[in-house]
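Each remark here refers to the structure printed beneath this line.
In my numbering, the protein residues as written are 8 to 74.
Printed below as a string of structure tokens:
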């Protein structure tokens, strides 16, 4: 069964400076504590949460936290 989780705990990735400013991704840090796995959508999360992920990344708050 998918789409049942009502929360995710994603870590911010390393901010990258692009021509359009800083870009921030969210995801999970793998068990080696070095490899970062970017999450764009989680099949276990409810659709409402998945719809918010792109908005969070491109929001003023997300850009502010990318610096």
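Glycine included, every Cβ here is placed at the ideal spot set by N, Cα and C. The structure displayed is predicted, hence computed values, not measured ones.
The alpha carbon of residue 44 has as its nearest neighbour, out of 35, 66, 50, the alpha carbon of 35.
Of the residues assessed, residue 28 falls on the exposed side of the cut-off, its CB having fewer than 16 other CB atoms within 10 angstroms. Separation of the CB atoms of residue 60 and residue 48 is rounded to 7 Å, and the pair is thereby assigned contact status at 8 Å.
Boundaries of the beta strand (DSSP E) harbouring residue 23: 23–25, taken from the DSSP string. Residue 52 counts as buried, since at least 16 other C-beta atoms from the protein chains shown sit within 10 angstroms of its C-beta. For the 8 Å CB-CB criterion, residue 56 and residue 15 form a contact.
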